[in-house]
Amino acid sequence: DWRPKNTNVRVSLPAVCFVWQIAMIVLFGVFVRYDKESDAHWVELKKTENLTDLDNEFYFRYPSFQDVHVMIFVGFGFLMTFLKRYSFSAVGFNFLIAAFGLQWALLMQGWFHHFDYSTGKIYIGIESMINADFCCAGSLIAYGAILGKVSPVQLMVVTLFGVTLFAVEEFIILDLFHCRDAGGAMVIHCFGGYYGLAISWVLYRPNLHRSKRLNGSVYQSDLFAMIGTLFLWMFWPSFNSAIANHGEGQHRTAMNTYIALASSVLTTVAISSMSKKGGKLDMVHIQNATLAGGVAMGTAAELMITPYGSLIVGFCIGIISTFGYLYITPFLEERFKLQDTCGIHNLHAVPGMLGGFTGAIVAATASESVYSKEGLIATFDFTGKFENRSPGTQGGFQAAGVCVAMAFGLVGGAIVGFILKFPIWGDAADDNCFDDEAYWEVRRTPLKLFTSEFYKQNNSKKSVACYLTH
Amino acid sequence: DWRPKNTNVRVSLPAVCFVWQIAMIVLFGVFVRYDKESDAHWVELKKTENLTDLDNEFYFRYPSFQDVHVMIFVGFGFLMTFLKRYSFSAVGFNFLIAAFGLQWALLMQGWFHHFDYSTGKIYIGIESMINADFCCAGSLIAYGAILGKVSPVQLMVVTLFGVTLFAVEEFIILDLFHCRDAGGAMVIHCFGGYYGLAISWVLYRPNLHRSKRLNGSVYQSDLFAMIGTLFLWMFWPSFNSAIANHGEGQHRTAMNTYIALASSVLTTVAISSMSKKGGKLDMVHIQNATLAGGVAMGTAAELMITPYGSLIVGFCIGIISTFGYLYITPFLEERFKLQDTCGIHNLHAVPGMLGGFTGAIVAATASESVYSKEGLIATFDFTGKFENRSPGTQGGFQAAGVCVAMAFGLVGGAIVGFILKFPIWGDAADDNCFDDEAYWEVRRTPLKLFTSEFYKQNNSKKSVACYLTH
Amino acid sequence: DWRPKNTNVRVSLPAVCFVWQIAMIVLFGVFVRYDKESDAHWVELKKTENLTDLDNEFYFRYPSFQDVHVMIFVGFGFLMTFLKRYSFSAVGFNFLIAAFGLQWALLMQGWFHHFDYSTGKIYIGIESMINADFCCAGSLIAYGAILGKVSPVQLMVVTLFGVTLFAVEEFIILDLFHCRDAGGAMVIHCFGGYYGLAISWVLYRPNLHRSKRLNGSVYQSDLFAMIGTLFLWMFWPSFNSAIANHGEGQHRTAMNTYIALASSVLTTVAISSMSKKGGKLDMVHIQNATLAGGVAMGTAAELMITPYGSLIVGFCIGIISTFGYLYITPFLEERFKLQDTCGIHNLHAVPGMLGGFTGAIVAATASESVYSKEGLIATFDFTGKFENRSPGTQGGFQAAGVCVAMAFGLVGGAIVGFILKFPIWGDAADDNCFDDEAYWEVRRTPLKLFTSEFYKQNNSKKSVACYLTH
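Chains as they are written, first to last, in this note's numbering: chain A, 719 to 1188; chain B, 719 to 1188; chain C, 719 to 1188.
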């Protein structure tokens, strides 16, 4: 079964980067222009339409955009640095694929959502930037499942297809089904989670245990990962509210997410402590399951779920996610041959799916007494051809949206997985996974050990106290 | 004097997390609702009151909220990672208690400040979120004094009482005394500092020297701590200005804090360098005393202290705080049996107290010529039953506020300390403090040392050059 | 040629800090006051001029200011932590000189740009804070060239002169030449880059190879540096847009920068991979050249360069910068005796210069059809005595501005370099560079090596597997 692997990407990686980047330049040249709020003509528009500078969408969205941007690059990037010898790849390839993904997302989402048939152009602005970052998140989530097992070239392929699939399922869910999903429980987390799981399932490595020595953390790498965890956790209210409705919409979305996240920290700690001898906590749980509250509120945070409703969601999902890390991930690996390095099943796939259904239930039970007549219309955008849609119908479409996201993730991921099986992509052999040295110049650390004094004293204990210097 | 300690928290920690989180859900269900600016009804309110989206408080406060949020979770959390083997607990328990504390704070501060007697509800919004984060800060400061010496269950108790005491002293100081304290020099730092010191004093461990080997930093842990320091330092202008008056209030508060912090960096470096052989700097000072300028401006930053006044405050407090680390903390430990792991005496207690008195002086000397008539009224909120209060009287109340904060901290902390002495909370033995292994699964680092080549060459020097790999 | 060096700064460092800080207090006392938007009188002004709170400049600029602030202190600071044993100095001295520099910058920029001759005062507000941070950036960039080779006292001198020179060249370029340079490709990066290179050239150390063992990274230090890289990369859109025109100006500037940065990541990866055996990536390139897109857009981002124009700039500069790290820096060191620790030649000097010329070209080709009549006036501020300036003339002045920035950097840096050659500043000997122990109390790491079991098994391999604990 074993075949020799070659991690040399000296041709393929530069080729992919150059060709695709040039393609981006050409496509941007043909299609992409500034929208009216980022174009210099706005100075005149402002006068004719009697606007002030503050009416520019920039001021409603930019602080949230920057928070989302930090989540994508530092949050996702550092969260994956927990492996002892794969931190360069974690943060470096995350950087690479997000930088490519956001360009491709500007195009794909532009074609599907903002294409102006009269001019043949896509007009982009601050909302496009947020959505492009969101779109990358789907592929970055997928990276979590295959972390340590694929080459950067494969990750570029995962991102190319991931962004493409994302734009299509998002079009179906948000435009055709007219779902609400401000924080992307469905379109980002559920899709991204199942997309990554399907890829990883196809790429199953029966002899991955040969790299077992590297598939774990050390003290410092767990601390680096906590940087990722905390920036994700802190800025999740911005993630969910970044493209919510102006005013009370953004306000409520941020607050609901803030509350739910706090709740899932406590139940994560509780389950983690219960599961181990002496009640010791496991860093894997603290790094990941504490975030599940943000995922699970991805759809419902925008709605009138109430503060205690948010607490309940966080409470339950913290438990479910931690249980997932304890029992489901090992079970899936053993029985279903599904190797999920970061446990995205427990942090994105399941919380995203449950978050989608939570949103469906909250939508279905919406009423004018709770939202006010105009509040209901504004929250669900019951305008135009959706003017007469009832909350119950909306709930049905929301639930259908979850299924679409899952289906796109599973089917798309399976296809992409098969593409990645071609022996041309530079992935590592089974005994060489989780190792930065495959793709990075890693400087070994020369150490000086000053052992003379202590060696003799402690010789009987078979231990040596010494000083470490570089 | 020695009694066996048991750090097993497998029952107590999950029990506390579950029971208190369920209590939060019930109490939120009974009491907490969206305020009018985060409720869907705002869509109608906007029309009837002729508001625009930008009038929503969210846009005045949310960027500052996120900065404060980063300070609470990354700032405080990473600042305490300086210990070589207690970084998981530093950042992890900080995470846990802030996540619990903010929920309890929403309730306590709601009951004291925003309770609507007509409906029996608390209405929360973005300002509540900022205040809840502030309220947690008091307990996180206290954690600094007892870092390494208490269990997570004890920390939950510290937070439960800390938030409760905070809400009461804050009510007295801000509502009854009608003090100004936007950045919380009094209500947050002075209170939190003395609260932690009193707890630590009661929990005095005569044999703490048995853990001396772990009560210090290593190179990497000092760098992680600098992440905390810098995020606190950079975002302190947002901390002090987050709930200041709209417009010039927030503007001036942020600028005064920015200036004072710059000044305290220089005097901290000066004193640190003067104190050591060869003028070498001490990371403890750089990590902590540089921040004292932000604490000391907690009250006065909002006022017309002038830019050079801010510089002078930063100048003096940088010196005082660094002296504190050099002389006062060792003195307190030796003479007063007060073990203060992070030196919160020098960073929070004293700068908070002095900052409170600085605010009192600046308030007492306020005049219409400096503030303008309406500016004076707006800055000190001399409206309603405080319409006729003079700046001099205001200064007196400000000074009284400092005393209230100190008294609450000292008395409350002493009581909580005695509660924590019960031998049921899972704290570590004296020879086992400052060690993550008591509460965390810590993976030891297997290393390979390639020593063959160099050992022989350098044998005479009794040193071994080798390569370290995992 | 060798002369004994003394790194004792116990007198000089405190003296410089104290004297200069006291000078700041005196000068602030004489000159600096709140501007009208941060003064309490604004409460009345608001009424008389019929303004709302949101018209306060604070709300247009503060979120961007905080992003810039993070770049200055965490971004620049951590980017330079890549050296294995100089991370304290990297982040600590960066902190010190930025804290001093911003105070001096408030004065210098105030005198040159905001001096009110009628009152003899400088009035500062949020824009002054952003500009002060910008002004520091010039000196922090220069620090990159001399990292590891100078004392903190020398760095204070570098900053004192750096800020002074900056204020003058900025006055010439922005005020006299009336150039546009929102993100400071010319005034910050080109100037700062050549300033640092000239200093380093004068301070050439022929025997620097004696410290070669410390002039490199280790695994963890490269990860700390990635924190700096990512915060710089993510917030660069805020850097370039922080003082751009309200509304579409800030909007477009942020978006252009965002797009260009994405593009330079891909070409950096491509060239880095092509250059190494097996296509392995070099962390030096990923940490630095990915940022060149932000530098190169420093002038043009504000203009109607088009989205694909931004991609092209990022594409080219990623290639140029990575080539610089591969070939130019070693070449300059060997042939021109120019030791550039961080390679600022490739990240700031050249991209800044090219970014300035890019801006000149884009300005020269501006037209009313692209900008609209009023958009053209607003973008280039063709008002007052510049009312009749044509885009072509503007382009000429922009190009001249680049030359002024370079000239100030090179000549100023050479002079400062000669001043720093006096043997009184406490810099380290050639065999003691890049070592924190010269200026910091560094705690050595006592390690326990548990070697008993494994030593015997692997003895034949001449390797020892062991567990590392503190």
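Think of the CB as a built atom: it goes at the ideal place given N, C-alpha and C, for glycine as much as any other residue.
Cα-Cα, which of the options is closest to residue i?
i	options	result
A/Gly-1070	A/Leu-1056, A/Phe-791, A/Pro-732, A/Cys-908	A/Cys-908
B/Leu-1029	C/Val-1122, C/Ala-817, C/Val-1080	C/Ala-817
B/Leu-825	A/Pro-1025, A/Lys-995, A/Asp-893, A/Leu-1009	A/Pro-1025
A/Gln-968	A/Thr-1008, A/Arg-923, A/Ala-1018, A/Leu-1009	A/Ala-1018
A/Phe-949	A/Phe-794, A/Ser-807, A/Ala-1081	A/Phe-794
B/Glu-1051	B/Val-881, B/Trp-919, B/Phe-783, B/Val-809	B/Trp-919
A/Ile-864	A/Ile-917, A/Asn-812, A/Met-904, A/Met-874	A/Ile-917
B/Glu-1122	B/Ile-906, B/Gln-784, B/Val-788	For the record, residue 1122 of chain B in the displayed sequence is Val; it is not Glu. Checked all of B/Ile-906, B/Gln-784, B/Val-788; the closest Cα to B/Val-1122 is B/Ile-906.
B/Gln-904	B/Phe-1140, B/Val-734, B/Gly-1077	The question names Gln, but residue 904 of chain B is Met in the sequence shown. Residue B/Gly-1077 is the option with its Cα nearest to B/Met-904.
B/Ser-703	B/Asp-1148, B/Phe-749, B/Cys-854	Nothing in the structure corresponds to residue 703 of chain B, since chain B is present only between 719 and 1188.
B/Ala-962	B/Glu-1020, B/Met-1015, B/Leu-772, B/Ala-1010	B/Glu-1020
A/Gly-901	A/Ile-890, A/Asn-812, A/Val-786	A/Val-786
A/Met-1022	A/Gly-1036, A/Thr-971, A/Thr-1047	A/Thr-971
A/Gly-1032	B/Val-876, B/Val-727, B/Thr-1083, B/Ile-743	B/Ile-743
C/Gly-1113	C/Ala-1096, C/Ala-1082, C/Gly-1093, C/Gly-1119	C/Ala-1082
C/Ser-1108	C/Ala-855, C/His-896, C/Trp-760	C/His-896
Under the rule that 16 or more other beta-carbon atoms within 10 Å means buried, what is residue i, buried or exposed?
i	result
A/His-927	exposed
B/Asn-1106	exposed
C/Arg-803	buried
C/Lys-1174	The predicted model places C/Lys-1174 with a pLDDT of 38, which falls under 50 and marks its position as unreliable; any figure quoted below should be read in that light. Its Cβ having fewer than 16 others within 10 Å, C/Lys-1174 is exposed.
B/Thr-975	buried
C/Leu-941	buried
C/Phe-1054	exposed
C/Ser-1085	exposed
B/Ser-1170	For B/Ser-1170, the pLDDT reaches just 36, beneath the cut-off of 50, and the residue's location in the model is therefore unreliable, leaving the point undetermined.
C/Gly-1144	buried
B/Lys-764	buried
C/Leu-1009	buried
B/Asn-1176	Legend: pLDDT at B/Asn-1176 = 42, less than 50; position of this residue unreliable, no value from coordinates given.
Indicate whether residue i and residue j have their beta-carbon atoms separated by less than 9 Å.
i	j	result
C/Ala-823	C/Asp-851	yes
B/Ile-848	B/Tyr-752	no
C/Tyr-1157	C/Thr-725	yes
B/Val-1068	B/Ser-1087	no
C/Ser-857	C/Gly-910	yes
B/Met-973	C/Phe-791	no
B/Phe-736	A/Thr-985	yes
A/Leu-921	A/Lys-839	no
C/Gly-880	C/Gly-1135	no
Could you pull the DSSP bridge partners for residue i from this structure?
i	result
A/Ala-750	It should be noted that the sequence gives Val, not Ala, for residue 750 of chain A. For A/Val-750, which the question treats as bridged, DSSP gives the partners A/Ile-840.
A/Asp-834	A/Lys-839
C/Trp-1143	C/Trp-1143 pairs with nothing; no bridge assigned.
A/Trp-1158	C/Leu-999
Contact list for the segment 1030–1057 of chain A against chain B, Cβ threshold 8 Å
Ile-1030, Phe-1033
Of all the residues that make up the segment 1104–1120 of chain C, which are near chain A by a beta-carbon distance shorter than 9 Å?
none
Anything in the segment 830–849 of chain B with a Cβ closer than 7 Å to a Cβ of chain A? List those residues in chain order, please.
Ile-842, Gly-843, Ile-844, Met-847
Please identify, using Cβ separations under 9 Å, the residues of the segment 780–804 of chain B that lie next to chain A, in order along the chain.
Tyr-780, Pro-781, Phe-783, Gln-784, His-787, Val-788, Ile-790, Phe-791, Val-792, Gly-795, Phe-796, Thr-799, Arg-803
Residues of the segment 995–1014 of chain C whose Cβ lies closer than 8 Å to any Cβ of chain A, in chain order:
Lys-995, Gly-996, Gly-997, Lys-998, Leu-999, Asp-1000, Met-1001, Ile-1004, Thr-1008
Anything in the segment 896–922 of chain A with a Cβ closer than 7 Å to a Cβ of chain B? List those residues in chain order, please.
none
By the 8 Å beta-carbon criterion, what residues does the segment 752–771 of chain A contribute toward chain C?
Tyr-752, Glu-755, Ser-756, Asp-757, Ala-758, His-759, Trp-760, Val-761, Glu-762, Lys-764, Lys-765, Asp-771
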